[in-house]
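Colleague:
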Amino acid sequence: MIGLKTPAAILRRLLMPTAEPCLACGRSISSVSPAELPQLCENCAGQIPWIMEPRCRICGRVHGCPDCLRPEAQRRPFVINRSAAVYDDLMRQWIAEYKYGGREDFASPFSIMLEQTYHRMCQELSVQEKAHGGRTYNRKGRSWRPDVVTWVPVSVRRLEERGFNQTELMARQMALRLRLPAAELLIRSVHTDKQSKKTRAQRLHNLDDAFSLIPNLDPWGFLKWDPIGNTKHPGGPFPIRVLLVDDIYTTGTTAAVCSTALKRLEKIVDRPVFVYILTLARS
Ligand SMILES: [Zn+2]
Ligand SMILES: [Zn+2]
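Numbers in the working numbering are just positions in the sequence shown, counted from 1, shifted up by 171.
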């Protein structure tokens with residue numbers, strides 16, 4: 172209330188619509204940022220280290236990428252990963268507040284960040300599929316589009332600790348705005364210790380069999396399309412495209428293990444299942 176000296180000025184201030192404070196810094200938002208994140212002030216939104224043009228076309232990294240050059244990477248069970256931003260100090264802080272600080276309100280800007288990255292991903296994959304003669308055959312001739320959006324689950328214990336699965340929340344918000352079907356497909360059967368404290372080999376071992384398809388899954392229920400109608404396609408039955416959302420992509424281990432579990436859908440639906448990864452931050 173500094174500078175509001177006269178009663179008329181105080182009245183004017185009281186009658187003015189209150190500006191929402193920025194989620195990240197708490198200052199009032201005077202104008203919507205060019206990134207169209209209405210919950211963040213222009214200054215905070217301007218600091219987001221967006222990945223607009225990833226150097227690695229596989230894992231979406233901004234720098235050159237030794238991981239994707241390893242021979243075993245050829246057997247990676249997902250098609251690509253795309254991340255919204257670099258996992259820098261700012262993103263680390265925001266994600267920590269969201270995951271451990273009870274700041275559920277971050278789901279909104281995060282889901283918008285995912286949505287914007289999703290649109291870039293669609294464009295890129297549509298061009299790619301066209302170049303490959305429609306390798307994954309577009310149903311109804313439309314551009315690349317996933318059949319279902321899902322997320323990396325957390326264990327029951329972690330869910331009890333946090334009260335919600337932060338990845339599910341932002342994935343669902345994104346899917347709702349994009350009018351894409353969203354479904355819970357995976358469960359985390361083993362409670363794993365914090366991944367960050369482990370070596371690559373330990374991480375791989377620790378995560379093996381940690382994820383599985385939810386029991387009694389009815390894929391045609393969530394896919395909402397008729398499997399009978401398209402089996403006569405000259406290229407064979409249409410594959411199912413699953414978009415898997417996670418918060419951070421580090422080594423790609425979680426993405427790979429979850430994709431392997433999701434690909435077990437192939438036996439149930441009797442057609443190929445392609446998994447695409449969409450993450451908020453890339454380390
Ligand atoms: Zn701010
Ligand atoms: Zn890579």
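We put the CB at the ideal spot given by N, CA and C, even for glycine.
Computed from a prediction, not measured in an experiment: that's the story for all the values here.
#1: Any heavy atom of ligand 2 closer than 8 Å to the beta-carbon of Arg232?
#2: Can the beta-carbon of Val323 be found less than 9 Å from the beta-carbon of Leu394?
#3: Are the Cβ atoms of Trp315 and Met292 separated by less than 9 Å?
#4: Is the beta carbon of Gln287 less than 9 Å from the beta carbon of Glu207?
#5: Assign Leu240 to buried or exposed, taking buried as 16 or more other Cβ atoms, counted over all protein chains shown, within 10 Å of its Cβ.
#6: Can you determine whether any heavy atom of ligand 2 sits closer than 8 Å to the C-beta of Ile229, and answer yes or no?
#7: Alpha carbon to alpha carbon, how far is Leu349 from Gly197? Give it in angstroms, no decimals.
#8: State the start and end residues of the unbroken beta strand (DSSP E) segment that holds Ile419.
#9: So for Phe277, helix, strand or coil by DSSP?
#10: Measuring CB to CB, does Pro352 end up less than 9 Å from Val320?
#11: Kindly list the residues whose CB is nearer than 6 Å to the CB of Val446, restricted to its own chain and excluding five residues on each side of it in sequence; keep chain order.
#12: Mind checking whether the beta-carbon of Gly197 lies closer than 8 Å to any heavy atom of ligand 1?
#13: I need the boundaries of the alpha helix (DSSP H) containing Val440, first residue and last residue.
#14: Between Pro410 and the rest of its own chain, which residues show a CB-CB distance below 7 Å, the 5 nearest in sequence each way excluded?
#15: Locate the alpha helix (DSSP H) running through Ser454, then write down its first and last residues.
#16: By Cβ distance below 6 Å, which residues in the same chain neighbour Ala216 in space, the five residues on each side in sequence not counted?
#17: Going by beta-carbon coordinates alone, are Glu191 and Ser202 separated by less than 9 Å?
#18: Count the other CB atoms, across all protein chains shown, that sit within 10 Å of the CB of Lys438; report buried if there are 16 or more and exposed otherwise.
#19: If I'm right that Ile200 touches Ala256 with Cβ under 8 Å, what's the distance once you round it to whole angstroms?
#20: Under 9 Å between the Cβ atoms of Arg253 and Glu295?
#21: Starting from the C-beta of Cys230, find all residues in its chain whose C-beta is less than 8 Å away, skip the five residues before and the five after it, and write them out in chain order.
#22: Do you know how far the Cα of Tyr269 is from the Cα of Asp260?
#23: Give the C-beta separation of Arg359 and Ala381 to the nearest angstrom, bearing in mind that I take them to be a contact with Cβ-Cβ under 8 Å.
#24: Among Glu339, Leu347 and Glu300, whose alpha-carbon lies nearest the alpha-carbon of Leu356?
#25: Would you identify the three-state DSSP class for Pro192, choosing helix, strand or coil?
#26: I'd like the span of the alpha helix (DSSP H) that includes Ala432, first residue to last.
Modeller: So, from the listed chains and residues:
#1: Arg232 has its Cβ nearer than 8 Å to a heavy atom of ligand 2.
#2: Taking 9 Å as the Cβ cut-off, Val323 and Leu394 do not qualify as a contacting pair.
#3: A contact, by the Cβ cut-off of 9 Å.
#4: A contact, by the Cβ cut-off of 9 Å.
#5: Taking all protein chains shown into account, Leu240 has fewer than 16 neighbouring C-beta atoms within 10 Å of its C-beta and is therefore exposed.
#6: A distance criterion of 8 Å places the beta-carbon of Ile229 in contact range of ligand 2, judged by its closest non-hydrogen atom.
#7: Looking at the two C-alpha atoms, the distance is approximately 29 Å.
#8: Its beta strand (DSSP E) spans residues Ile411 to Tyr420.
#9: Look at Phe277 here: in three-state DSSP terms it is helix.
#10: Taking 9 Å as the Cβ cut-off, Pro352 and Val320 qualify as a contacting pair.
#11: For Val446, where only same-chain residues beyond five positions count, the Cβ hits under 6 Å are Phe249, Val413, Leu415, Ser430 and Leu433.
#12: In this structure, the C-beta of Gly197 approaches ligand 1 to less than 8 Å from one of its heavy atoms.
#13: Run containing Val440: Leu436 to Val440, per the alpha helix (DSSP H) assignment.
#14: Here the set comprises Thr307, Arg442, Pro443, Val444 and Phe445.
#15: In the DSSP assignment, Ser454 falls outside any alpha helix (DSSP H) and carries neither an H nor an E.
#16: These residues qualify, in order along the chain: Ser204, Ala206 and Leu208.
#17: Using a Cβ distance threshold of 9 Å, Glu191 and Ser202 do not count as a contacting pair.
#18: Taking all protein chains shown into account, Lys438 has fewer than 16 neighbouring C-beta atoms within 10 Å of its C-beta and is therefore exposed.
#19: Not quite, the Cβ-Cβ distance comes to about 20 Å (not below 8 Å), so this is no contact.
#20: The answer is yes: Cβ separation under 9 Å.
#21: Correct list, in chain order: Cys236, Asp238, Cys239, Ile251, Asn252, Tyr420, Gly423 and Arg453.
#22: A direct Cα-to-Cα measurement between Asp260 and Tyr269 gives close to 14 Å.
#23: Contact between Arg359 and Ala381 holds: their C-beta atoms lie close to 6 Å from each other, under 8 Å.
#24: Closest by C-alpha distance to Leu356, out of Glu339, Leu347 and Glu300, is Glu339.
#25: Looking at Pro192 - three-state DSSP - the assignment turns out to be strand.
#26: For Ala432, the uninterrupted alpha helix (DSSP H) segment begins and ends at Thr424 to Leu433.
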